[in-house]
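Student: Numbering (our numbering), first residue to last: 12 to 318.
A virtual CB, placed ideally from N, CA and C, is assigned to each residue, including glycine.
These numbers were taken from a predicted model, which means no experiment stands behind them.
Handing you a structure now.
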């Protein structure tokens, strides 16, 4: 049942703030509980994404809620008393520059996905006008390009080891950890339309060196190996991004979803038709699956790389 917004005489965002504030005050939403996401607010109250963003920002400024990585926006432990300044309240203390804008935009994308990212959203988080951002970034497309490059360069690659297999493991695991931190980034990688950023190109150049592409007769095989490795890592990582999108859309985390399937899983197991399937653990541990797949992939590449 949809809660009726209070503060009827105020602007739409204020009415939403009043309704969520009332839920917190009544105990309907307790400390640690997730509050409606921007997408849920747009559906529940029929407002634009910018209005939903403004409402959540106002609640954060009041100290009622805070952003929690991997969970979204949740009710604070001591609502009404902001223990830590939000990004907006820090705006007066931090000079507005491209680095600040990129960091803020990446935080939004990490928590809510690229669909929630906009110039207006970042400006609201920083407590500045939207136009102020355009002095540093041309627009959303440029901003997404910048945060993508930032994601790929936040952990520099070391000097490549002499062993090609060890080098490819280092690169693949580095990218996998990056996608774990930034689930949205996998959707930005494409072979037909490659990521033309300094960070993305530097990674490919590093791998080309490892695979002996300084020899003209090795270049094609090296590029094919790199594309194959990239396809595996990105393919695994797309599951992370789709899970974040599903969580934002439904408000249900992966763990909560699996718990909600207990009854159906029990019924399926009781049929006795799937004894082997139900003998393994679910949900699967993606890190273990990644390591298994990486090892098998490198085994398969060995023949062509070591020719």
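Which term fits residue 90, buried or exposed, when burial requires 16 or more other beta carbons within 10 angstroms of its beta carbon?
Tutor: The count along the chain shown starts at 1 and reaches residue 90 at position 79. Summary for residue 90: the model assigns pLDDT 49, below 50, so the residue's position carries little reliability; its value from the coordinates is reported in the next sentence. Residue 90 should be labelled buried.
Student: Please list, in chain order, all residues of the same chain as residue 183 whose beta carbon is under 7 Å from its beta carbon, the five residues on each side excluded.
Tutor: Residue mapping note: residue 183 aligns to position 172 of the chain shown, counting from 1. Only 240, 244 and 305 meet the Cβ criterion.
Student: Since residue 204 and residue 148 are thought to touch, with beta carbons under 8 Å apart, how far apart are those beta carbons, to the nearest angstrom?
Tutor: As a first step, residue 204 is located in the chain shown; it is residue number 193 there, counting from the start. As a first step, residue 148 is located in the chain shown; it is residue number 137 there, counting from the start. Residue 204 to residue 148, Cβ: 22 Å. No contact.
Student: With distance defined between alpha-carbon atoms, name the residue in 309, 24 and 143 nearest to residue 237.
Tutor: Sequence index remark: in the chain shown, residue 237 carries index 226 (1-based). Residue 309 is the option with its Cα nearest to residue 237.
Student: Who are the Cβ neighbours of residue 64 in its own chain at under 6 Å, not counting the five residues just before and after it?
Tutor: The residue given as residue 64 occupies position 53 in the chain shown. Contacts found: 49, 132 and 135.
Student: Taking the alpha-carbon positions, what's the residue 289 to residue 253 distance?
Tutor: Against the chain shown, residue 289 aligns to sequence position 278. Against the chain shown, residue 253 aligns to sequence position 242. Going by the C-alpha atoms only, they are around 25 Å apart.
Student: Among the candidates 191, 179 and 117, whose CA atom is the shortest distance from the CA of residue 220?
Tutor: Along the chain shown, one-based indexing puts residue 220 at 209. The option with the nearest alpha carbon to residue 220 is 179.
Student: Distance check for residue 143 and residue 102, CA to CA, integer angstroms please.
Tutor: Locating residue 102 in the chain shown gives position 91, counting from the first residue. Locating residue 143 in the chain shown gives position 132, counting from the first residue. Caution is warranted here: a pLDDT of 43 is assigned to residue 102, below 50, making its placement in the model unreliable, and the coordinate value is therefore given only provisionally. Residue 102 and residue 143 have their alpha carbons spaced roughly 12 Å apart.
Student: Need the endpoints of the beta strand (DSSP E) that residue 304 sits in, please.
Tutor: Against the chain shown, residue 304 aligns to sequence position 293. Judged by DSSP secondary structure, residue 304 falls outside any beta strand (DSSP E) and instead within the alpha helix (DSSP H) spanning 297 to 316.
Student: Let me know the secondary structure DSSP gives residue 184 once reduced to three states.
Tutor: Residue numbering aside, residue 184 sits at position 173 when the chain shown is read from its first letter. Here residue 184 sits in helix by DSSP.
Student: Using DSSP's beta-bridge definition, name the partner residues of residue 78.
Tutor: Taking the chain shown and counting its residues from 1, one reaches residue 78 at position 67. Answer is 84, bridged to residue 78.
Student: Which term fits residue 313, buried or exposed, when burial requires 16 or more other beta carbons within 10 angstroms of its beta carbon?
Tutor: Numbered from its first residue, the chain shown carries residue 313 at position 302. Residue 313 is classed as exposed because its beta carbon has fewer than 16 other beta carbons within 10 Å across all chains shown.
Student: Under the three-state reduction of DSSP, which class applies to residue 271: helix, strand or coil?
Tutor: Here residue 271 refers to the residue found at position 260 when the chain shown is read from its first residue. DSSP places residue 271 in the helix class (H, G or I) of the three-state scheme.
Student: Name the one or two DSSP bridge partners that residue 45 has.
Tutor: In the chain shown, counting from the first residue as 1, residue 45 sits at position 34. Residue 45 pairs with 85.
Student: Rounded to whole angstroms, what's the CA-CA distance from residue 201 to residue 249? Just pull it up for me.
Tutor: On the chain shown, position 190 is the one that residue 201 refers to. On the chain shown, position 238 is the one that residue 249 refers to. If I take the Cα positions, the gap works out to 12 Å.
Student: Please state whether the Cβ-Cβ distance between residue 27 and residue 75 is less than 9 Å.
Tutor: If you number the chain shown from 1, residue 27 lands on position 16. If you number the chain shown from 1, residue 75 lands on position 64. Contact flag unset, no.
Student: Name the two residues that bound the continuous alpha helix (DSSP H) containing residue 123.
Tutor: On the chain shown, position 112 is the one that residue 123 refers to. Looking at the DSSP string, the run of the alpha helix (DSSP H) that includes residue 123 is 109 to 123.
Student: Using 8 Å as the cut-off, classify the Cβ of residue 88 as near or not near the heavy atoms of the ligand ATP, replying yes or no.
Tutor: Although the ligand ATP was asked about, the structure shown includes no ligands whatsoever.
Student: I'd like to check one pair, residue 124 with residue 169: are the Cβ atoms closer than 9 Å?
Tutor: Counted from its first residue, the chain shown places residue 169 at position 158. Counted from its first residue, the chain shown places residue 124 at position 113. Taking 9 Å as the Cβ cut-off, residue 169 and residue 124 do not qualify as a contacting pair.
Student: With a cut-off of 8 Å on the beta carbons, I'd call residue 199 and residue 166 a contact; round off their distance for me.
Tutor: Reading the chain shown from its first residue, position 188 is the one you call residue 199. Reading the chain shown from its first residue, position 155 is the one you call residue 166. Actually they are not in contact, since the Cβ atoms of residue 199 and residue 166 sit about 17 Å apart, beyond 8 Å.
Student: Fully enclosed by the stretch 121 to 154, which alpha helix (DSSP H) runs are 4 residues long or longer?
Tutor: 130 to 137 and 141 to 144
Student: Can you list, in chain order, the residues of its chain whose CB lies under 7 Å from that of residue 79, leaving out five sequence neighbours each side?
Tutor: In the chain shown, counting from the first residue as 1, residue 79 sits at position 68. 85.
Student: Leaving out the 5 sequence neighbours to the left and right, which residues in its chain are closer than 7 Å to residue 279 when beta-carbon positions are compared?
Tutor: If you number the chain shown from 1, residue 279 lands on position 268. Same-chain partners within the cutoff: 285.
Student: Tell me the rounded alpha-carbon separation between residue 281 and residue 298.
Tutor: Counted from its first residue, the chain shown places residue 281 at position 270. Counted from its first residue, the chain shown places residue 298 at position 287. In this structure, the alpha-carbon of residue 281 lies about 30 Å from that of residue 298.
Student: For residue 217, report the span of its alpha helix (DSSP H) as first-last.
Tutor: As a first step, residue 217 is located in the chain shown; it is residue number 206 there, counting from the start. From DSSP, the alpha helix (DSSP H) with residue 217 extends over 209 to 221.
Student: Given a threshold of 16 other Cβ atoms within 10 Å of its Cβ, counted over all protein chains shown, does residue 83 qualify as buried or as exposed?
Tutor: Within the chain shown, residue 83 is the residue found at index 72, counting from 1. Residue 83 is buried by the Cβ-count criterion.
Student: So, helix, strand or coil for residue 201, using DSSP?
Tutor: As a working note, residue 201 is residue 190 in the chain shown. Correct three-state label for residue 201: coil.
Student: Buried or exposed: which applies to residue 191, given that a residue is buried once 16 or more other Cβ atoms fall within 10 Å of its Cβ?
Tutor: Reading the chain shown from its first residue, position 180 is the one you call residue 191. Counting Cβ neighbours within 10 Å, residue 191 comes out exposed, since fewer than 16 surround it.
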